[in-house]
Ligand SMILES: Cc1cc2nc3c(=O)[nH]c(=O)nc-3n(C[C@H](O)[C@H](O)[C@H](O)COP(=O)(O)OP(=O)(O)OC[C@H]3O[C@@H](n4cnc5c(N)ncnc54)[C@H](O)[C@@H]3O)c2cc1C
């Protein structure tokens, strides 16, 4: 079996790894001049700058499983110090209440006493205890659903900053069924979301002080890409950069991939790990129904701005891990990378990164100089630095982050139904999850599915 993987981001590389495990002959075709896609780590003069993800969650096991298979376990690192994350609401920083889940409290005490919500916000949230079930069969925006049950206070001050940063979209457009299907289940089983969340909090048997779920690698997330590509090469995988695929064609027996420059490659099974827009372009002629569903997935833009400060810009060592913004700022959140992870900055110095997504407004598409200037002013003031940063870096991910908006599950179903009879599968952040572990799990699953379908088709023809 010959498996062709289009796109050498983490999903494509994971698909290639799975292809090798299944005994396939694998080629990876990456348009850019490096592998990893959004997983990009730059080592610059003692600074480790993450241009995409800086970590992954351990409770989705696919990333740790792959790391173990690659023999990289001893490079896994956990957060340094005590996790201190704040929320800036209406100009004031507040600690996140203990036991706060993604959008709902799992403990009542800290929620009742937090200064983030006004007394009215808390009373309105309490109405959730009395309201009847609200959901019908159709998908809704998370913001609208939470607003109806708990009021806009929780939506604006918790749900939007917590989810918006991860999904690059406002909760007023994010799909309940694609992003937080557990809330639908909570309403079904408990009616009140608050009661369901508190019950989950009581049931969770996490030992006191159980660590944070976040993990990274000593050499940054790019270390995973470096080691994975090395392992793939060692197993005979044909890894090609600067090889954009322009078109796909399928005859009864085989798939033909047309590369820029006229080269053609034959394959039995194909993984499209290009992101939804790239996959839609490649599928528009051979599978228009899949292409239409993928093209309907909206794409967000975000900027990652990284700032390096020398230690003497601060009166005291910076130990906070950062903060999220509940609107009214040029950034959606700030991470103090040097406090969070070991080895990200020269000793004592401070490395900070901030996000400027579409959700903060026009600033996301301003010139890079303007974005860096706005972020520098905001972070320098709010972090209490007495001097400007000594270095800055910016990466813009322009219309590259799939948004799981209302109706996403239907788009996924339509794309997968059209692909099902073929030995072609879409993998990566487009359909089932945007996190690195999701992309790894999906890459592997889709490689298995594409190879299985290719085997079925060969069997039928024989
Ligand atoms: C700023 C930022 C921060 C993030 N933070 C985190 C985090 O902390 N933790 C976490 O778990 N996740 C995080 N994510 C999400 C996660 O990084 C991504 O969802 C994931 O890396 C996407 O991987 P992918 O392989 O699906 O796509 P991509 O990384 O986008 O890779 C797609 C690849 O396909 C190539 N390609 C496109 N078209 C073609 C073509 N026609 N022919 C050949 N190649 C093509 C592209 O060049 C690219 O290399 C973050 C994302 C961003 C942008």
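In our numbering, the protein residues as written are 252 to 713.
Cβ atoms here follow ideal geometry from the backbone N, Cα and C, with glycine treated the same way.
- By DSSP's assignment, residue 489 forms a beta bridge with 278.
- Residue 412 is a Cβ neighbour of residue 575, given a cutoff of 8 Å.
- Ranked by how close their Cα comes to the Cα of residue 348, the residues 342, 365 and 340 have 365 in first place.
- Sixteen is the threshold: when 16 or more other Cβ atoms of the shown chains lie within 10 Å of the Cβ of residue 287, as they do, the residue is buried.
- Excluding its 5 nearest sequence neighbours in each direction, residue 695 has C-beta neighbours in its own chain below 6 Å: 265 and 269, listed in chain order.
- The beta carbon of residue 619 sits no closer than 7 Å to any heavy atom of ligand 1.
- Sequence-distant partners of residue 527 (beyond 5 residues in either direction) whose C-beta falls short of 6 Å from its own C-beta, in its chain, are 545, 548, 653 and 681.
- Under the criterion of beta carbons closer than 8 Å, residue 624 and residue 614 do not qualify as touching, at roughly 10 Å.
- Boundaries of the alpha helix (DSSP H) harbouring residue 454: 444-454, taken from the DSSP string.
- Shown here, residue 377 sits in a helix according to DSSP, grouped into three states.
- Under the three-state reduction of DSSP output, residue 482 falls in the helix class.
- Ranking 496, 521 and 621 by CA distance to the CA of residue 512 puts 496 first.
- Per DSSP, residue 551 is not a residue of any alpha helix (DSSP H); the beta strand (DSSP E) it occupies stretches across 550-560.
- Check the Cα spacing between residue 394 and each of 354, 331, 377 and 383: the tightest is with 354.
- For residue 441, there is no enclosing beta strand (DSSP E); the enclosing alpha helix (DSSP H) has its first and last residue at 432-441.
- Shown here for residue 663: same chain residues with a beta carbon closer than 8 Å to its own, the five before and five after excluded, namely 429, 544, 682 and 683 in chain order.
- Linking residue 419 to residue 609 through their CA atoms gives a straight-line distance of about 7 Å.
- In this structure, residue 307 has its CB closer than 7 Å to one or more heavy atoms of ligand 1.
- Distance from the CA atom of residue 697 to the CA atom of residue 352, rounded to whole angstroms, is 31 Å.
- Along the stretch 254-307, the beta strand (DSSP E) occurs as fully enclosed runs of 3 or more residues at 276-280, 292-295 and 298-301, listed in sequence order.
- The criterion of a C-beta distance shorter than 8 Å is not satisfied by residue 585 and residue 598.
- Of the candidates 424, 360 and 310, the residue whose Cα lies closest to the Cα of residue 462 is 310.
- Under the three-state reduction of DSSP, residue 465 is assigned to strand.
- Each residue's CA atom was taken as its position, placing residue 577 and residue 494 some 42 Å apart.
- Taking 7 Å as the cut-off, the C-beta of residue 289 counts as close to a heavy atom of ligand 1.
- Taking 7 Å as the cut-off, one finds no heavy atom of ligand 1 near enough to the beta carbon of residue 315.
- In the displayed model, residue 361 falls within a helix according to three-state DSSP.
- Proximity of the beta carbon of residue 269 to ligand 1 is not indicated: no heavy atom of the ligand is located closer than 7 Å.
- Just measuring C-alpha positions, the residue of 303, 571 and 633 sitting nearest residue 330 is 571.
- Within the same chain, 507 and 509 come within 6 Å of residue 515 by CB-CB distance, once the 5 residues on both sides are set aside.
- For the options 636, 618 and 550, the alpha carbon positioned closest to that of residue 685 is the one of 550.
- When 603, 629, 553 and 675 are compared, the shortest CA-CA separation from residue 618 is found for 553.
- With a cutoff of 7 Å, residue 650 does not count as near ligand 1, since its C-beta is closer than that to no heavy atom of the ligand.
- DSSP places residue 649 inside the beta strand (DSSP E), whose first and last residues are 642-653.
- Within the chosen limit of 7 Å, ligand 1 reaches the beta carbon of residue 282 through at least one heavy atom.
- When DSSP states are grouped into helix, strand and coil, residue 606 belongs to the strand group.
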